[in-house]
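This report refers to the structure that appears directly beneath it.
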Amino acid sequence: MKKIRFILVLILIFSLVSSSTIMAVFAKDSKIIENKGYVIASRLNVRTLGSMRGKIITTIPKGVEVHVFREESNWYYVEYARNKRGWVYSKYINLKKDDDPKSKDLNIIEKKGYVTVYGLNVRTLGSMKGKIITVINKGVEVHIFGEKNNWYYVEYARNKRGWVYSKYINFKKSSQIDTSSLSNKSYSWYFIRNNKNEQPGFDKDYKALLDKYSGITIGNKNKKDIFLTFDNGYENGYTNQILDILKSQNVKASFFVQGTYIDKNPEIVKRMVREGHIVLNHTNNHPKMPTLTNDKLKYQINIVEEKYKNLTGEEMHKFLRPPSGAFSEKTLAETKNLGYRTVFWSMAHRDWLVNDQPGQAASYKHVTDNIHNGAVILLHSVSKSNTQALEEIIKELKTRGYNFKLLTEYP
22 MKKIRFILVL ILIFSLVSSS TIMAVFAKDS KIIENKGYVI ASRLNVRTLG SMRGKIITTI
82 PKGVEVHVFR EESNWYYVEY ARNKRGWVYS KYINLKKDDD PKSKDLNIIE KKGYVTVYGL
142 NVRTLGSMKG KIITVINKGV EVHIFGEKNN WYYVEYARNK RGWVYSKYIN FKKSSQIDTS
202 SLSNKSYSWY FIRNNKNEQP GFDKDYKALL DKYSGITIGN KNKKDIFLTF DNGYENGYTN
262 QILDILKSQN VKASFFVQGT YIDKNPEIVK RMVREGHIVL NHTNNHPKMP TLTNDKLKYQ
322 INIVEEKYKN LTGEEMHKFL RPPSGAFSEK TLAETKNLGY RTVFWSMAHR DWLVNDQPGQ
382 AASYKHVTDN IHNGAVILLH SVSKSNTQAL EEIIKELKTR GYNFKLLTEY P
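With this note's numbering applied, the sequence shown closes on residue 432, and no number is skipped along the way.
In C-alpha cells, the structure reads:
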C-alpha cells in the first residue's frame, strides 16, 4: 500500500511540473545559447512549439527578462518564469551581452530610431577613437538602448551592437516621396567616353534626375578613388576565380547579385561576405524596372534582401543597380523610398555576351584607357575576358596610384 501511495505522489509531482514546463524535443541543428535576454515587443506570445503552429501558453510583456536555452529556425526556447518554459519568436528578444555598457553609464532611452544619412559608421566606442565595425545605410531601423556624450548605443541587426553618432539618428521615420504624379517614362543610362583618362560626360537631364534621388554614377574628380563593381546575374564558372584574384591582390569589390543567383550559388555569396566584399541588390530576376507596378517593384527588391538575410544572417547594404540600366523618375523615387541608392556606372563595355567575348587584351585596354578619378567600373562576372585580364588590370591601376573603394565608402 505504501508503495502505491509513493507512486501516486511521484505521478502528482510530475504532472505539476509538466503543466508549467514544455518538454521540448530539439532538432539536431538547434543552437545552444544559454544567455539572458529581454522582451522588446509590447506583448510576446509564448508557444508550445517553435513555430506559429504551437499553441499559445501565455503572453509576456515588454521588458521581461528570460533565460534563452536554444535557438531553432528563428525561435528561442526560453524560461520566462520559474520552471515555466516555451518557445518565442527570436526577433522580439534582445540577448544581453557581457560587453554592453552598464546602465549607470548611459542616459537610458529604449527607443526605435532611423538612420538619416547614407553610410553611417558603427563603432566599438562612443567616440571617434572607436574602431569601425560596419556601415549602415539611410533608413535602417535601429534599437537605441541609451545615450552618452552625443553617441547612441544601438542594436543595428539582430544581436549586433555598437555606437553611432546621435546627430544621424532620427526618432521619426523619414518621410516618403509621393510618386503618384511622377513620370514613368523609361530611359537607358549611358555615358560619353573620352580617351584622356578624364571623367566621362553624361546626359545632363539623366544626371540631374539621378542626383535628385541621391543616386551614384561617379565619384570625386579630385581623388584617385575608384569603385570596382560586378554584376552577377547567373554563374558562368568565373566568380570564384575573380574572388581568388581579388584576394591575392587585397582588393575589395561590390557585387550586385540577383535573387536567383543567391538561390543557386549560396556558397559563392557566403564567400563574398566572408572575404570582405559587399553584396548588393540587382533585383530578383532582372526585369526592366519601369515596366513594373509599384508592388512588383517592391517585391523584386525586398525579396533579394530577404534571401540575403536568410543566407547570411546580415542586413543587405541598400544599393541597387537597375537591370539593363533602365529607369524612370518614378522608379528612382520608389527605390529611394525603400531606403536604397540607385547605382549606375561611369565605365562599362560589351562584356556580357558569353559567346562573343572581346578577349583578354581588349578588356585590359578598355579599363586602362578609360580609367578616371571617381570611376564606378561595371564588369560582368560571366565574362571570360574580364576574368583573364583582371589581375593585370588591378596591378596597373595600383601602379597609377588608384585606390579601390567599396560603395559603402562613397561620400
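A virtual CB, placed ideally from N, CA and C, is assigned to each residue, including glycine.
Inset, instruction - For the segment 391-406 and the segment 211-221, state whether three or more C-beta atom pairs, one from each stretch, are separated by less than 8 Å. - result: yes
Legend entry - Cβ pair tryptophan 184, glycine 160 closer than 7 Å: Counting from one through the sequence shown, the residue named residue 184 turns up at place 163. Counting from one through the sequence shown, the residue named residue 160 turns up at place 139. Not in contact: tryptophan 184 and glycine 160 (Cβ atoms no closer than 7 Å).
Inset, instruction - State buried or exposed for valine 138, treating a residue as buried only when at least 16 other CB atoms are found within 10 Å of its CB. - result: For the purposes of this step, residue 138 is taken as residue 117 along the sequence shown, with counting starting at 1. Flag for valine 138 reads exposed.
Legend entry - CB-CB length for phenylalanine 425 against valine 272, believed under 8 Å: Here residue 425 refers to the residue found at position 404 when the sequence shown is read from its first residue. Here residue 272 refers to the residue found at position 251 when the sequence shown is read from its first residue. Right, their Cβ atoms sit about 5 Å apart.
Inset, instruction - Inspect the beta-carbon positions of threonine 408 and glutamine 279 and report whether they are closer than 7 Å. - result: Numbered from its first residue, the sequence shown carries residue 408 at position 387. Numbered from its first residue, the sequence shown carries residue 279 at position 258. Between threonine 408 and glutamine 279, the C-beta gap is not smaller than 7 Å, which leaves the two residues out of contact.
Legend entry - Local Cβ density within 10 Å of arginine 362, reported as buried at 16 or more and exposed below that: Numbered from its first residue, the sequence shown carries residue 362 at position 341. Buried: at least 16 other Cβ atoms inside 10 Å.
Legend entry - Cβ neighbour criterion (16 or more within 10 Å) applied to glutamate 355: Against the sequence shown, residue 355 aligns to sequence position 334. If you draw a 10 Å sphere on the C-beta of glutamate 355, you find 16 or more other C-beta atoms in it, and that means buried.
Legend entry - Coarse secondary structure for glutamate 219, derived from DSSP in three states: For this step, residue 219 is matched to residue 198 along the sequence shown. Reduced to three states, the DSSP call for glutamate 219 is coil.
Inset, instruction - Tell me, please, whether the segment 99-115 touches the segment 317-329 by the rule of three or more beta-carbon pairs shorter than 8 Å. - result: no
Legend entry - As assigned by DSSP and simplified to three states, the class of threonine 145: As a first step, residue 145 must be located in the sequence shown, where it is residue number 124. Looking at threonine 145 - three-state DSSP - the assignment turns out to be coil, as it is neither helix nor strand.
Legend entry - Contact set for leucine 313: own chain, Cβ-Cβ below 7 Å, skip 5 residues either direction: Your numbering for residue 313 matches position 292 in the sequence shown. The residues are Gln321.
Legend entry - Closest Cα partner of lysine 339 within the set Ser275, Tyr186, Leu332, Val87: As a position in the sequence shown, residue 339 is number 318, starting the count at 1. It is Ser275.
Legend entry - Three-way DSSP call (helix, strand, coil) for isoleucine 43 in this model: On the sequence shown, position 22 is the one that residue 43 refers to. Unreliable placement is indicated for isoleucine 43, whose pLDDT of 49 sits below 50; no coordinate value is reported for it.
Legend entry - Rounded separation between lysine 317 and methionine 337 - CA only: Mapped onto the sequence shown, residue 317 falls at position 296. Mapped onto the sequence shown, residue 337 falls at position 316. Approximately 19 Å, taken between the alpha carbons.
Inset, instruction - Measure the C-alpha to C-alpha separation of lysine 76 and asparagine 66 and round it to an integer number of angstroms. - result: Along the sequence shown, read from residue 1 onward, the residue named residue 76 stands at position 55. Along the sequence shown, read from residue 1 onward, the residue named residue 66 stands at position 45. Computed Cα separation, rounded: 9 Å.
Inset, instruction - Could I get the ranges of all uninterrupted alpha helix (DSSP H) runs contained in the segment 340-395, with 4 residues as the minimum, in chain order? - result: If only uninterrupted alpha helix (DSSP H) runs of at least 4 residues are considered, those enclosed by the segment 340-395 are 350-358, 381-391.
Legend entry - 7 Å Cβ shell around lysine 268 - same chain, five flanking residues per side excluded: Here the question's residue 268 lines up with position 247 in the sequence shown. Sequence-distant partners of lysine 268 (beyond 5 residues in either direction) whose C-beta falls short of 7 Å from its own C-beta, in its chain, are Glu296.
Legend entry - Among Thr352, Gly422, Tyr208, nearest to threonine 360 - alpha-carbon criterion: On the sequence shown, residue 360 is found 339 positions in, with the first residue counted as 1. Inspection of the sequence shows that residue 360 is occupied by glycine rather than by threonine. Out of Thr352, Gly422, Tyr208, Thr352 has the C-alpha closest to the C-alpha of glycine 360.
Legend entry - Under the three-state DSSP convention, the category phenylalanine 35 falls into: In the sequence shown, residue 35 corresponds to position 14, counting from 1. Any reading at phenylalanine 35 needs caution, since the residue's pLDDT is 45, under 50, leaving its predicted position unreliable; the model's value is listed next. Of the three classes helix, strand and coil, the one that applies to phenylalanine 35 here is helix, per DSSP.
Inset, instruction - Assuming valine 403 and tryptophan 373 form a contact by the criterion Cβ under 8 Å, report the distance between their Cβ atoms to the nearest whole angstrom. - result: Along the sequence shown, one-based indexing puts residue 403 at 382. Along the sequence shown, one-based indexing puts residue 373 at 352. Their Cβ separation, rounded to whole angstroms, is 6 Å, which keeps valine 403 and tryptophan 373 in contact under 8 Å.
Legend entry - Residue from Asn95, Tyr186, Ile114, Asn257 whose Cα sits closest to the Cα of lysine 169: Position 148 of the sequence shown, counted from the start, is the residue given in the question as residue 169. Considering only alpha carbons, the answer is Tyr186.
Inset, instruction - Just confirm the distance between the C-beta atoms of threonine 260 and isoleucine 289, as a whole number of angstroms; I'd bet it's less than 8 Å. - result: Position 239 of the sequence shown, counted from the first residue, corresponds to residue 260. Position 268 of the sequence shown, counted from the first residue, corresponds to residue 289. Indeed they touch by this definition, with Cβ atoms about 5 Å apart.
Inset, instruction - Could you tell me whether the segment 363-382 touches the segment 228-243, where touching means 3 or more Cβ pairs closer than 8 Å? - result: yes
Legend entry - threonine 80 - containing beta strand (DSSP E), residue span: Here residue 80 refers to the residue found at position 59 when the sequence shown is read from its first residue. Taken as a continuous stretch (DSSP letters only), the beta strand (DSSP E) holding threonine 80 covers 77-82.
Inset, instruction - Step through the CB atoms of chain B and report whether any lies within less than 7 Å of the CB of glycine 140. - result: The structure shown has no chain B; it contains just one protein chain.
Legend entry - Beta-carbon separation (whole angstroms), glycine 71 vs glutamate 93, contact threshold 8 Å: On the sequence shown, residue 71 is found 50 positions in, with the first residue counted as 1. On the sequence shown, residue 93 is found 72 positions in, with the first residue counted as 1. Contact holds; Cβ gap of about 5 Å.
Legend entry - Backbone secondary structure at glutamate 296 - three-state DSSP: The residue labelled residue 296 in the question sits at position 275 within the sequence shown. Coil.
Legend entry - Straight-line gap, tyrosine 423 to serine 384 (C-alpha atoms, nearest Å): On the sequence shown, residue 423 is found 402 positions in, with the first residue counted as 1. On the sequence shown, residue 384 is found 363 positions in, with the first residue counted as 1. Straight-line Cα distance between these residues: approximately 18 Å.
Inset, instruction - Return the chain-ordered list of same chain residues with a C-beta closer than 7 Å to the C-beta of serine 111, the five sequence neighbours on each side being excluded. - result: Indexing the sequence shown from 1 puts residue 111 at position 90. Glu92, Asn95, Trp96, Tyr97.
Inset, instruction - Leaving aside the five residues before and after isoleucine 165 along the sequence, list all residues of the same chain whose C-beta is less than 8 Å from its C-beta, in chain order. - result: Taking the sequence shown and counting its residues from 1, one reaches residue 165 at position 144. Within the same chain, isoleucine 165 has close Cβ partners Ile130, Glu131, Lys132, Lys133, Gly134, Tyr173, Tyr174, Val175, Ile190.
Inset, instruction - Would you mind stating whether threonine 429 and valine 136 have Cβ atoms separated by less than 7 Å? - result: Along the sequence shown, one-based indexing puts residue 429 at 408. Along the sequence shown, one-based indexing puts residue 136 at 115. In this structure, valine 136 does not lie closer than 7 Å to threonine 429 by Cβ.
Legend entry - Per-residue DSSP class, three states only, for glutamate 335: The residue given as residue 335 occupies position 314 in the sequence shown. Glutamate 335 falls in the coil class under three-state DSSP.
Inset, instruction - State the CB to CB distance for the pair tyrosine 431 and phenylalanine 277, rounded to an integer number of angstroms; the pair is presumed to be in contact (CB under 8 Å). - result: Here residue 431 is taken as the residue at index 410 of the sequence shown, counted from 1. Here residue 277 is taken as the residue at index 256 of the sequence shown, counted from 1. Between phenylalanine 277 and tyrosine 431 the Cβ distance is about 14 Å, and since that is not below 8 Å, they are no contact.
Legend entry - Same chain, Cβ closer than 8 Å to lysine 52, five either side skipped, listed in chain order: On the sequence shown, position 31 is the one that residue 52 refers to. Answer for lysine 52: Arg91, Glu92, Glu93, listed in chain order.
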